[in-house]
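When you line the sequence shown up against UniProt numbering, it's residues 1 to 452, in that order. Beta carbons: idealized from backbone N, C-alpha and C, even for Gly. Worksheet: the structure to be examined is printed underneath.
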Amino acid sequence: MSKIFENTLPYLIAKSYVVWSFKQYYDEIIILGLENIPKDEPVIFAPNHLNALMDALAILSLPPCKQPKVFLSRSDVFKLPEPVVKFIRFAKIMPAYRIRDGYENLTKNKNTFEAADEVLLHNAAICIMPEGDQGTERKIRPLVKGIFRIAFSAQQRLPEGKSVNIIPVGIDLGDFIRFGQHLIIQIGKPIKVTDYLDSYIESQAVATNAIKQKLQTDLEDLALHLGSEKHYDCFATAVETTNTAMIKALALKDNTSNRFLARKKLGKLLMRLEKEEPEVTEQLDSACKKYKSELQKVKISHNILERSIPSKFKVIINSIIILFSLIPALPGFILNGLPFILSSQVPNILKIEFKGFYSSVFYGSGIILFPLFYILQSVIFILAFALPWWFVFILIPLHYLTGKIAFRFYRIVKSAYSDLKLYSVSKKQPNELKTLQKLRQQITEILITRAF
Numbered sequence: 001m002s003k004i005f006e007n008t009l010p011y012l013i014a015k016s017y018v019v020w021s022f023k024q025y026y027d028e029i030i031i032l033g034l035e036n037i038p039k040d041e042p043v044i045f046a047p048n049h050l051n052a053l054m055d056a057l058a059i060l061s062l063p064p065c066k067q068p069k070v071f072l073s074r075s076d077v078f079k080l081p082e083p084v085v086k087f088i089r090f091a092k093i094m095p096a097y098r099i100r101d102g103y104e105n106l107t108k109n110k111n112t113f114e115a116a117d118e119v120l121l122h123n124a125a126i127c128i129m130p131e132g133d134q135g136t137e138r139k140i141r142p143l144v145k146g147i148f149r150i151a152f153s154a155q156q157r158l159p160e161g162k163s164v165n166i167i168p169v170g171i172d173l174g175d176f177i178r179f180g181q182h183l184i185i186q187i188g189k190p191i192k193v194t195d196y197l198d199s200y201i202e203s204q205a206v207a208t209n210a211i212k213q214k215l216q217t218d219l220e221d222l223a224l225h226l227g228s229e230k231h232y233d234c235f236a237t238a239v240e241t242t243n244t245a246m247i248k249a250l251a252l253k254d255n256t257s258n259r260f261l262a263r264k265k266l267g268k269l270l271m272r273l274e275k276e277e278p279e280v281t282e283q284l285d286s287a288c289k290k291y292k293s294e295l296q297k298v299k300i301s302h303n304i305l306e307r308s309i310p311s312k313f314k315v316i317i318n319s320i321i322i323l324f325s326l327i328p329a330l331p332g333f334i335l336n337g338l339p340f341i342l343s344s345q346v347p348n349i350l351k352i353e354f355k356g357f358y359s360s361v362f363y364g365s366g367i368i369l370f371p372l373f374y375i376l377q378s379v380i381f382i383l384a385f386a387l388p389w390w391f392v393f394i395l396i397p398l399h400y401l402t403g404k405i406a407f408r409f410y411r412i413v414k415s416a417y418s419d420l421k422l423y424s425v426s427k428k429q430p431n432e433l434k435t436l437q438k439l440r441q442q443i444t445e446i447l448i449t450r451a452f
């Protein structure tokens, strides 16, 4: 029987499909800092935790593709039916027990930690979510100590000259629910556990707190960290409202990577303002609340306001483009519509309320439902038209390609609708639009004038 850190052929085949389909879920995946991953020493990946399964898959997708990666997960998933648990173990996932799981279960972590030691001693990689839990607020929550216990335990068993490396990873998602958004994975410089080993031998508590603070700081630098309890909603609104202006102020090209960089800089600025200029922060909070209220009145999203008000001619041209684009997009909607609708309803069927699980459920159900429907529809088509069986190898890729075309059409429609909505508001609610533009300008000026 193979060990958890060893790759088997069935695992590699399954992993290839899972990683490929994961990459299809996002419109753009950007990986920064790959050079920071050591090639010849044990690694513990420590990402921020926003989105259940998708965060783990982001780490799994990192090269090299053949590197074994073992994951620690909350223990309650191991209470699922036995076939599910077998699959979880097949996916190289081990249980981690928390206080909330009961004090009597904490002793079970000994087996997990010993297995984790063995993984690291064989130069494989482990992924541990150091926050211990997840949330949809874009901030780094307090870290738990399990990751450091594993790191120090393995380090003490390594030969001299080798170090366990804790790799902080910042994950940024374009959206927590919708597919076709961006994913940014920013890999930080490794934290060498050997740098803290002497201190650990003298005082475990002192060394653990020191390395914990280092990881906390690094994660706050790598991800968007809006760490305010009182003003979180204000900060989230301000970051999105001012993002484009910050790009221009930094003289950066407007692309996904630079927008992420600008958001992080705005996050740091907001945290500093809350600490050093509380009166300005309250002024900003008031402006953001008014801005959100006005957005709700006219029923538009903030990103629509970044557009120039379109002319009537452009609105008409958009409509014509949609009509002509519908014909090539229609097969994609027909062939992909049913599995898409079914997978989108799974959270409702399972009564999942936490939005941080939604995309994981969409993805998980999608990698099963779409292939099943592709095969079923291809077989029906072959039987209906008496085609050779090998046509299945043509029809299945066609299902996928037509789905891609349909999604591009959806993007065209969405963009055209945004233009139409903005045009309509400019004609029917011009005063409300002016109020929104003034509030955006006020929010932007408060931040940009203090950014440099």
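Measure how close the beta-carbons of residue i and residue j come, nearest whole angstrom, since I'm counting them as under 8 Å.
i           : j      : result
ALA416      : ALA329 : Actually they do not touch by this definition, with Cβ atoms about 13 Å apart.
VAL144      : PRO130 : 7 Å
ILE31       : ALA115 : No, ILE31 and ALA115 are not in contact; Cβ-Cβ is about 28 Å, not under 8 Å.
LEU335      : GLY403 : 7 Å
GLU240      : GLU432 : Not really, about 19 Å apart at Cβ, beyond 8 Å.
SER418      : ARG307 : 6 Å
PHE45       : ILE167 : 5 Å
MET246      : ALA52  : 30 Å between Cβ atoms; not a contact.
LEU250      : ARG138 : In fact, because the Cβ distance is near 20 Å, the residues do not count as touching under 8 Å.
LEU342      : LEU383 : With a Cβ gap of about 23 Å, LEU342 and LEU383 do not count as contacting.
residue 476 : LEU350 : Given a span of 1 to 452 for the chain in the structure shown, any question on residue 476 remains unanswerable.
LEU80       : ALA238 : Contact doesn't hold; Cβ gap of about 41 Å is too wide.
ILE375      : ILE396 : 7 Å
PHE113      : ILE150 : 6 Å
PRO42       : ASN243 : With a Cβ gap of about 38 Å, PRO42 and ASN243 do not count as contacting.
ILE309      : SER426 : 5 Å
THR256      : GLU82  : Not a contact, Cβ separation roughly 42 Å.
Under DSSP, the beta strand (DSSP E) around residue i begins and ends at which residues?
i      : result
LYS69  : 69-74
PRO130 : From DSSP, PRO130 is part of no beta strand (DSSP E); its letter is neither H nor E.
HIS399 : Premise fails: HIS399 lies in the alpha helix (DSSP H), 392-428, not in any beta strand (DSSP E).
ILE30  : 28-32
GLY170 : 165-173
ILE44  : 43-47
Might you give, ordered along the chain, the residues of its own chain that have their beta carbon closer than 7 Å to the beta carbon of residue i, omitting 5 neighbours on each side?
i           : result
HIS231      : GLU274, THR281, ASP285
TYR25       : PHE179, TYR363
THR194      : GLN155, SER163
LYS189      : ASN36
residue 453 : Outside the shown range of the chain (1 to 452) lies residue 453, about which nothing can therefore be said.
ILE93       : PHE71, SER73
ILE412      : ILE321, ILE322, SER325
Which same chain residues end up closer than 6 Å to residue i when comparing Cβ atoms and leaving out the 5 residues on each side of it in sequence?
i      : result
LYS289 : none
PRO347 : TYR358, VAL361
SER2   : THR8
VAL392 : SER378
TYR200 : PHE152, ALA207
ASP55  : PRO47, HIS49, ILE171
GLN442 : ALA287
PHE333 : ALA406
List the endpoints of the continuous alpha helix (DSSP H) containing residue i.
i      : result
PRO95  : No alpha helix (DSSP H) holds PRO95; the beta strand (DSSP E) holding it covers 93-96.
ASN273 : Sequence check: residue 273 is Leu here, not Asn. Residues 256-276.
PRO10  : 9-25
SER153 : 146-155
ALA58  : 52-60
ILE300 : Element bounds for ILE300: n/a, residue is neither H nor E.
GLU160 : Segment: none, GLU160 is in no alpha helix (DSSP H) and carries neither H nor E.
PRO83  : 82-90
ALA116 : 109-121
Please go through the same chain and pick out, in chain order, the residues whose beta-carbon is closer than 8 Å to the beta-carbon of residue i, but skip the five residues on each side of it.
i      : result
PHE78  : VAL85, ILE88, PRO95
VAL19  : LEU57, LEU60, SER61, CYS65
THR444 : THR241, THR242, ALA245
LYS355 : THR136, PHE176, ILE177
LEU338 : PHE373
SER21  : TYR363, GLY366, ILE367
Tell me whether residue i counts as near the ligand ATP, meaning its Cβ is closer than 7 Å to at least one heavy atom of that ligand.
i      : result
ARG178 : No copy of the ligand ATP appears in this structure; indeed no ligand is present at all.
Measuring CB atoms only, is the region 417-428 touching the region 299-317, in the sense that at least three cross pairs come out at less than 8 Å?
yes
Taking only runs that begin and end inside the region 187-242, name each unbroken beta strand (DSSP E) of 3 or more residues, in chain order.
none
If you pair each beta-carbon of the region 31-40 with each one of the region 174-192, do three or more pairs fall below 8 Å?
Put simply, the region 31-40 touches the region 174-192. At least three CB pairs are less than 8 Å apart.
Under 8 Å: do the region 191-205 and the region 59-70 share three or more Cβ pairs, one atom per stretch?
no
Write down every uninterrupted run of the alpha helix (DSSP H) in the region 313-380 whose length is 4 residues or greater and which is fully enclosed by it, in chain order.
Here no run is fully enclosed.
Is the number of C-beta pairs between the region 58-67 and the region 212-222 that are closer than 8 Å three or more?
Here the region 58-67 makes no contact with the region 212-222; the two share fewer than three CB pairs at distances below 8 Å.
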